[in-house]
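A.B. asks: Encoded as structure tokens, here's the structure I'll be asking about.
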Amino acid sequence: MFTTAKAELRELVRLVAETERYDATLAAKPEIVPTDESLAERHRKEQRKMALLDKYELI
0 MFTTAKAELR ELVRLVAETE RYDATLAAKP EIVPTDESLA ERHRKEQRKM
50 ALLDKYELI
């Protein structure tokens, strides 16, 4: 169990960093128009992030 939790919490930290970096880039450079694939990937990461936050009762 601990091994799974450790891996999932590392994944959560990585997802948070990736989504924050993505959002900050788009905010800093409004001339960037994200592709549909990029937006879909951002949405997938957000869903996974929320699932992990819920699973570990962090929200």
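Here the sequence shown stands for residues 0 to 58, where the numbers follow numbering that gives the first Met the number 0.
No residue lacks a Cβ here, since even glycine has one placed at the ideal position from N, Cα and C.
(1) Can you give me the C-alpha to C-alpha distance between Glu36 and Met0, rounded to a whole angstrom?
(2) Do Glu7 and Leu57 count as a contact pair if the criterion is CB distance below 7 Å?
(3) For Lys48, count neighbouring C-beta atoms within 10 Å of its own C-beta (all shown protein chains included) and say buried if the count is 16 or more, exposed if not.
(4) Report the three-state DSSP secondary structure of Lys28 (helix, strand or coil).
(5) Beta-carbon within less than 8 Å of Lys54's beta-carbon, same chain only, minus the 5 sequence neighbours each way: which residues are those?
C.D. replies: Taking the structure as given:
(1) 34 Å
(2) no
(3) buried
(4) coil
(5) Glu7
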